Amino acid sequence: MVVMILVYMGLGLVTGLLAGMLGIGGGSVVVPALVFVFAGEHLAPGLAMKLAIGTSLASILFTSLAAIRAQQKRGAIDWSVAAPLGLATLVGSLASGYLAGFLPGVLLKEIFGVFLILIGLQVFADWRPAAHWRLPARPGLMGVGLGIGALSAILGIGGGSLTVPFLTACNVDMRRAIAISATLGLPIALFGAMGFALSGQHRAGLPPGTLGYIYLPALAGLTTVAMLVVPLGVHLAHNLPVAQLKRVFGVLLIAVGLQMVFGA
32 MVVMILVYMG LGLVTGLLAG MLGIGGGSVV VPALVFVFAG EHLAPGLAMK LAIGTSLASI
92 LFTSLAAIRA QQKRGAIDWS VAAPLGLATL VGSLASGYLA GFLPGVLLKE IFGVFLILIG
152 LQVFADWRPA AHWRLPARPG LMGVGLGIGA LSAILGIGGG SLTVPFLTAC NVDMRRAIAI
212 SATLGLPIAL FGAMGFALSG QHRAGLPPGT LGYIYLPALA GLTTVAMLVV PLGVHLAHNL
272 PVAQLKRVFG VLLIAVGLQM VFGA
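So in this note's numbering, spot 66 of the sequence shown is number 97, and the numbers just go up one at a time.
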């Protein structure tokens with residue numbers, strides 16, 4: 032168990048550095064890495080995928096709290112947009128997180144693989160959507176939030192890769208979009224993780240130390256280290272060739288995504 036805790040802490044180190052240095056959301060790194068680690072522990076592939084997603088969502092809960100606190104201190108959060116989006120993501124993530132626990136794990140793995148390929152292409156090309164739209168009224172925002180919450184919970188991500196492109200396409204300033212996105216990570220992570228915890232109750236074959244589909248030893252190792260090293264990643268971003276690193280990382284995401292879709 033000590034060795035595995037060190038493995039999870041190492042994963043937290045990598046996740047935190049990438050988040051701070053490249054602005055890459057933790058879920059896109061944590062989920063495939065945990066699937067790989069859990070496979071080494073001889074867990075069934077479908078079960079490993081559900082544990083990876085549930086644990087990833089729970090870890091995002093802690094990092095999103097820190098992000099909201101930092102953004103609120105700067106007065107950067109536009110609550111007139113964040114509130115309706117957040118309320119809808121709450122509903123979408125809880126329902127999706129719960130229902131995803133009953134889907135075949137192999138299907139979840141393939142869905143996540145497609146997501147990784149798309150994110151990898153975006154990171155490699157440094158693509159940003161053109162600002163063609165205007166923000167919809169409150170009902171429209173809530174509809175978008177429902178979709179963001181549902182998809183994010185299935186993927187085990189905080190929703191930034193979905194929220195920020197939508198907001199910038201609606202003529203929202205990038206810094207304001209990032210601040211709003213940070214607030215959505217909390218309801219997505221909290222209620223998505225809750226859904227996975229509930230749907231995994233009494234599931235046969237779970238290892239010791241689980242809360243439904245959340246693996247607590249991995250959660251502890253991940254979050255402890257990741258939150259400490261994010262500032263170091265931000266510092267490195269100002270001293271390393273980030274553009275080239277993003278391209279390399281984009282190719283890596285595409286490769287991992289292809290393996291998850293077409294691999295065993």
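Even for Gly, the Cβ is constructed at its ideal location relative to N, Cα and C.
Quick caveat, the model's predicted, so the values are computed rather than measured.
Quick check on the burial criterion: 16 or more other C-beta atoms within 10 angstroms. Buried or exposed for Leu247?
exposed
How is the alpha helix (DSSP H) around Ile185 delimited, first residue to last?
Arg169 to Leu186
What does DSSP give as the partner residues of Ile245 in its beta bridges?
Leu242
Going by the C-beta, is Ala161 closer than 7 Å to any heavy atom of the ligand NAD?
Annotation note on the ligand NAD: not contained in the displayed structure, which lists no ligands.
Taking the alpha-carbon of Arg207 as reference, which of Phe227, Val112, Gln232 and Gly178 has the nearest alpha-carbon?
Val112
When the distance is taken between beta carbons, is Ile219 closer than 8 Å to Gly264?
No, they are not a contact pair.
Would you say Gln290 lies against chain B (beta-carbon separation less than 8 Å)?
Chain labels in this structure do not include chain B; a single protein chain is all it has.
Nearest candidate by alpha-carbon position, reference Ser124, set Leu217, Val137 and Pro239
Leu217
Taking C-alpha atoms, which residue in Ala64, Met32, Leu221 and Leu48 lies nearest to Val122?
Leu221
Roughly how many angstroms lie between the CA atoms of Thr86 and Arg234, to the nearest whole one?
16 Å
Go through the stretch 104-165 residue by residue and report every complete run of the alpha helix (DSSP H) that reaches 4 residues or more, in order.
110-131 and 136-156
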